[in-house]
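Trainee: Going down the list, the protein sequences come from chains X and W. Each residue of the first sequence is one higher than the one before, counting from 1 in the numbering used here. Each residue of the second sequence is one higher than the one before, counting from 1 in the numbering used here.
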Amino acid sequence: MEGFTVWFTGLPSSGKSTLAGLLSDALRRRGLAVELLDGDEVRTVLTRGLGFSREDRDENIQRIAWVAKVLTRNGVVAITAAISPYRAARDHARQAIGRFVEVYVACPVEVCIQRDVKGLYARALRGEIEQFTGVSDPYEEPLQPEVVVRTDVESPEESLQRIVGSLESGGFLAPGMTNVRVPTYLVEQLRRVWGDGAFEARLGEALAAQAAAVEEPLHEAEREEVLARLRSLGYVD
Amino acid sequence: MRLLVIGLDCVPPEFVFERFAMPHLRALMRRGSYGPLESVVPPITVPAWACMMTGRDPGALGIYGFRNRQDYTYEGLGIANSTSVREPAIWDRLSATGRQVILVGVPPSFPPRPVNGVMVSCFLTPSAKSEYTHPATLKPELEARFGEYLFDVADFRTDDKAALLRRVFAVSEQKFAIVRHLMTTRPWDFCMFVDMGPDRLHHGFWKYWDRAHVKHEPGNPFLRAFPEYYAYLDEQIGALLEVVGDDVAVLVVSDHGAKRMDGAICVNEWLRREGYLTLRNPPQGIQRLAPSMVDWAKTVAWGEGGYYSRIVLNVKGREPEGIVDGGAYERLRDELIQGLERLGDEQGRPIGTRVYRPEELYPVRRNIPPDLITIFGDLSWRSAGSVGFEQVWTHENDTGPDDANHAQYGMFAAAGLPLPPGELSGMRLLDVAPLLSRFFGLNGAE
C-alpha cells in the first residue's frame, strides 16, 4: 500500500477536524495505517511556540508537511487538519509530498462565526486576537483542490462519502477489501431492523470488529495444524 | 464480459504443451494464446498466486514465503494467510465495481474475505471445521452436496502411494465439481479456482514417472500416474469449458513449474561447517533447528529450509543477541553469497546456485525480508534446514520423501483476453493482473 496525504484546509470552525476524524476512522476500518495531524494538537508539540504571523504560519505548515511527507513515503495515510490559509504554503506541501489530496472544507464565514466551536471568532471580533483567519487575516481559497466539501449544506457523512469516493477514483484508495458493497436490499432491511439513526454506527462497529478479527485469524491450535501440513508438504521444515 | 480462470498449481509448460495428451487444452490454445509464464522469486505457491492476482511482487506484498518474520526475534515466524495480502486482488477491484465473483481455493484465502459473490478458502484452511466460505451459508450448502470439503490431499507423507494417488484425484475432482456447481447456480463475471492436485502429484510421484530420477524404479506400479492424471485434468477442463461456452474468456494458468529434485543442500550444516552458525551442543541425529539449540553469541547467520532458502544474519541491535556489526553486514553478505554460489554437489561439480539480496529483486520491501534468498542449483536442489546430517548434501528430504521441486516457469493458455494469438514468449506472472484489469476495463491497474 502506497501512502498518501489528505490535506484539509478551510476557515476556523469550517469542520476540518470533524471530517478528518471521520475519514481517519473510515480508513482505519479498511485496515490502513493512518496518522491524523490535527492543527490544534500539532501546535502543542511539533510547532509549539510559533505564532500567527505569516512567517510563523508558513513555518507551521512546513513542519506539518515534512511530517506528512515522511509518513506518506513510509506507506502511511497522513491526514492533516490545519487552517493552512496561504495557497503558496499548501502548494509547497503538495510539491514536497507528491501523493497529495487537497480537501477544501468550504463554509461561509458567517456560518463559521455562528458555529464558533472554540469561541475564537467572538474574541477576534472583539479585537482580542490579532491575525485571526477570516476576520483579520486572509484565507486564500484553493484554486484546484481535489475535493470541495460544503459543510454548510452537506451532512458530515455526505462530505465523507464524497472524499472517500474521490480517493477511490483518484486511485489513492484501493477499492475492495472491506469496501464490499452492501446490497441495497440488505441496507434497507438493516435500516428497518436497526433504525435509521443506528444504522451507520452499527455497520461501522461490525466492520471494525471484522477488521479486529482478521488481525489474528488463526488460533494457536489452528496455526500448528497448518504448520504441520506445510511441513508435510515440504514447503517449510 | 466474463472470465474463467483455471489455476493449476505447479504445472510446467512442457507437460501441457508437449508431453501429455490434452485435447481440450490444445483446442483452447488454438483459439487463443499460450506460452511459458515466468514466476516470481521465489516461485512458491505463497506468494506466487497473490502476486499474480494483485500484480505486486513479493517485496511489495511483504510476503516472502509461507512463513514470514513477524519481528526480529529468533522465533517470530507467522504463517501467511488471506489477511497478509494488503494489496487489492483483481476480485477486490471487481467487487468494488459491482461485478460478481466466484473464488475457490486461491491461496492464501483463509480466512475467507468478503467479496461481491462467493469465496471458498484454500488449502491453508486449518480444517473442515473452520469457517471456510463467504458467505457462511455456502458451507452447509457445499457439504450437503459434496460431503466434507477436501481443501488438500490428506496424509501426504504416507507410504501407501496407491491411496495417496486416489486422494490426489479426489481433491481435483471435488474442486472442479464445486466450481461447476457454483458457476451454474450463481451469477458471475469472474470465476477463479486453483487446483492443488498437480502440485501434490508432482511432489508425491515424480520419481515413479521420470526415468532420469535418481530414485526411479523401472516397472513400478505408478509409471502411468502422470499421463493418467493429466488426461483426467484435461477431461475436467473440457467439461468446464463446455459449461461456459465460447463467449466467456478463459485463462488456464499455473503459478510456477516443476522439475526433478536432485537432492537437498543442508544449509545450516553448511553454515555450521563454515563457522557462521554455532550450536550449544552437537546435534543428536537429524534435528530441526530450534532457536534454543543455537549459541547466538557465536552465530553470524542461520537459514530456513524449504524449496529455497532464506538466510538471516544475526545483526547487533536488530536481533536480540545480534553480533554482526552494521559495518560488517555487507561484507558478510558478499562472503555468504560467494560461498553458497561456489558450493557444488558432492563431487564438487557446479550446480548453479544463485543467491539474491532482496533489494536486487524487489524495489520495495515491506515487512521483514530475509537478508539473502538462495535458490540452490536452479531449483534442482531444495534447502534442508535441519542439522545433524553427516554432510552438506542429502538425498533424503528432512520432512520425508519428495521427488520434485518447483521450476521458475509456469504456463498460461488463454482465449478471449487482449493478447496476440499463438505462442507467446516473455509473459511474466506479474503481467497477469494488468492483463485482467485491461480486459475488465479497470483503471489504475498498471
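Glycine included, every Cβ here is placed at the ideal spot set by N, Cα and C. None of these values were measured; they are calculated from a predicted model.
1. Below 7 Å on C-beta distance, what does Leu419 of chain W contact in chain X?
2. Touch check for the region 231-249 of chain W and the region 281-296 of chain W: three-plus C-beta pairs under 8 Å?
3. Which residues in chain W sit within 8 Å of Glu222 of chain X, going by Cβ to Cβ distance?
4. Would you give the residue range spanned by the beta strand (DSSP E) that Ala157 of chain W belongs to?
5. Got a sec, what are the start and stop residues for the alpha helix (DSSP H) Tyr232 of chain W sits in?
6. In terms of DSSP beta bridges, what is Thr133 of chain W paired with?
7. Given 8 Å as the limit, is there contact between the region 401-418 of chain W and the region 322-334 of chain W, that is, 3 or more CB pairs closer than that?
8. With a Cβ-Cβ cutoff of 9 Å, do Thr18 of chain X and Ala93 of chain X count as a contact?
9. So, for Ser425 of chain W: in the same chain, excluding its five sequence neighbours on each side, which residues have a beta-carbon less than 6 Å away from its beta-carbon?
10. For chain W, check one thing: does any of its Cβ atoms lie closer than 9 Å to the Cβ of Gly234 of chain X?
11. Kindly indicate which three-state DSSP category Val103 of chain X falls into: helix, strand or coil?
12. Tell me the DSSP secondary structure of Cys10 of chain W in three-state form.
13. Would a check of beta-carbon distances place Arg157 of chain W closer than 9 Å to chain X?
14. Which runs of the alpha helix (DSSP H) at least 4 residues long sit entirely within the region 61-111 of chain W? Give them in chain order.
15. Check whether the Cβ atoms of Phe123 of chain W and Met196 of chain W sit closer than 9 Å, and answer yes or no.
16. Considering only their Cβ atoms, is the gap separating Leu8 of chain W from Ile102 of chain W smaller than 9 Å?
17. Among W:Val16, W:Asp155, W:Arg2 and W:Ala290, which one has its Cα closest to the Cα of Glu235 of chain W?
18. Looking at the unbroken alpha helix (DSSP H) that takes in Gly39 of chain X, where does it start and where does it end?
19. Which term fits Pro111 of chain W, buried or exposed, when burial requires 16 or more other beta carbons within 10 angstroms of its beta carbon?
20. Could you pull the start and end residues of the beta strand (DSSP E) that Pro36 of chain W belongs to?
21. Shortest alpha-carbon distance to Asn81 of chain W belongs to which of W:Ser33, W:Asp57 and W:Gly62?
22. Compute the distance between the beta-carbons of Val42 of chain X and Arg73 of chain X, then report whether it is under 9 Å.
23. For Ala433 of chain W, report the span of its alpha helix (DSSP H) as first-last.
24. With DSSP run on the structure shown, which of helix, strand or coil describes Ile113 of chain X?
25. Does Arg126 of chain W pass the burial test, meaning 16 or more other C-beta atoms within 10 Å, or should it be called exposed?
26. Return the residue from the list W:Gly377, W:Arg357 and W:Glu319 that minimises the CA-CA distance to Leu343 of chain W.
27. Per DSSP, which residues does Lys259 of chain W bridge with? Please list them.
28. Using the Cα positions of Glu228 of chain W and Phe169 of chain W, report the straight-line distance between them to the nearest angstrom.
29. Measure from the alpha carbon of Pro370 of chain W to the alpha carbon of each residue in W:His406, W:Ser309 and W:Val432, then state which is nearest.
30. First and last residue of the alpha helix (DSSP H) that includes Val46 of chain W?
31. Does any CB atom of chain X fall closer than 9 Å to the CB of Thr137 of chain W?
32. Measure the alpha-carbon distance for Arg99 of chain W versus Ala27 of chain W and round it to whole angstroms.
33. Going along chain X in order, which residues have a C-beta closer than 7 Å to the C-beta of Tyr308 of chain W?
34. Does the count of Cβ pairs from the region 47-64 of chain X and the region 149-163 of chain X closer than 8 Å reach three?
35. Assign His219 of chain X to one of two classes, buried (16 or more other C-beta atoms within 10 Å of its C-beta) or exposed (fewer than that).
36. Determine whether the Cβ of Pro217 of chain X lies closer than 9 Å to any Cβ atom of chain B.
Mentor: Result, derived from the coordinates:
1. Simply none; closest approach about 25 Å.
2. no
3. Pro126, Ser127 and Ser130
4. Correcting the residue type first, residue 157 of chain W is Arg in the shown sequence and not Ala. Segment: none, Arg157 of chain W is in no beta strand (DSSP E) and carries neither H nor E.
5. Ala225 to Val244
6. W:Val120
7. no
8. no
9. Gly35
10. yes
11. strand
12. coil
13. yes
14. 90-96
15. yes
16. no
17. W:Val16
18. Gly39 to Val42
19. Here Pro111 of chain W is buried, its C-beta having at least 16 other C-beta atoms within 10 Å.
20. Ser33 to Glu38
21. W:Gly62
22. no
23. Val432 to Phe440
24. The DSSP-derived three-state label of Ile113 of chain X is helix.
25. Checking the sequence shown, residue 126 of chain W turns out to be Pro, not Arg. Counting Cβ neighbours within 10 Å, Pro126 of chain W comes out buried, since at least 16 surround it.
26. Looking at the Cα atoms, W:Gly377 is the closest of the given residues.
27. W:Asn405
28. 10 Å
29. W:Ser309
30. Thr45 to Thr54
31. no
32. Taking the straight line joining both Cα atoms gives about 29 Å.
33. In chain order: nothing, as chain X lies at least about 10 Å away.
34. At 8 Å Cβ cutoff, the stretches do not touch.
35. exposed
36. The chain labelled as chain B is not found among the protein chains of the depicted structure, namely X and W.
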